Structures are given as structure tokens and as C-alpha cells.
Amino acid sequence: MLKKEKIDRINQLAKKSKTSEGLTAEEKAEQQQLRKEYIEKFREHFKGHLSRVKFVEDLSEEELKEIKEQKNRQN
Numbered sequence: 001m002l003k004k005e006k007i008d009r010i011n012q013l014a015k016k017s018k019t020s021e022g023l024t025a026e027e028k029a030e031q032q033q034l035r036k037e038y039i040e041k042f043r044e045h046f047k048g049h050l051s052r053v054k055f056v057e058d059l060s061e062e063e064l065k066e067i068k069e070q071k072n073r074q075n
């Protein structure tokens with residue numbers, strides 16, 4: 001994910017855009033760049049999670065047994 005400073009800046013720009021003052025052209029460009037970067041990082045992170053998802057119906061009996069044993073060891 002993005003660094004906290006960048007997320008804070010995204011939020012700061014979003015709040016400023018909602019005020020009567022609004023954003024300057026430079027701030028709008030910065031906001032768009034930060035949003036683009038945030039979405040790219042989010043997608044990378046989400047794809048990583050999806051790549052680790054396993055469907056139970058696609059697993060063999062041996063793989064199911066192994067997963068159950070691992071869960072029992074963790075508890």
C-alpha cells in the first residue's frame with residue numbers, strides 16, 4: 001500500500017476540494033496522480049490476495065486433509 005504520508009495528502013486534498021476555496025490546477029494534477037498511484041497499489045495488493053485463494057471443490061482429498069491439519073495446529 002501507499003505510505004501514510006501520501007494517503008494523508010490524498011485526504012487533505014479531498015477535504016480542500018470540498019471547501020469553497022477548492023483546488024488549484026497544480027493541486028488537481030497532484031490529486032489525480034496520487035489517486036492513480038493509490039489505485040495501482042490497491043489492485044496489486046488485491047491481486048496478491050486473490051492469487052492465494054483456493055476453492056475447496058478444486059482440491060483433492062489429500063490437500064483438504066492437509067489444510068484441515070494446518071488449521072488444527074494453528075488453533
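Numbering (full-length UniProt numbering), first residue to last: 1 to 75. Ideal placement from N, C-alpha and C gives every residue a C-beta, glycine not left out. The structure displayed is predicted, hence computed values, not measured ones.
Residue span of the alpha helix (DSSP H) that contains residue i, given as start and end
i: residue 11; result: 4-17
i: residue 35; result: 25-51
i: residue 72; result: 61-74
Nearest-angstrom Cβ-Cβ length linking residue i and residue j, presumed shorter than 8 Å
i: residue 34; j: residue 6; result: 6 Å
i: residue 2; j: residue 30; result: Actually they are not in contact, since the Cβ atoms of residue 2 and residue 30 sit about 14 Å apart, beyond 8 Å.
i: residue 56; j: residue 64; result: 7 Å
Member of the options whose CA lies at the smallest distance from the CA of residue i
i: residue 4; options: 63, 38, 43, 51; result: 38
Beta-carbon contacts of residue i that lie in its chain and below 7 Å, excluding the five residues immediately before and after
i: residue 41; result: 1, 2
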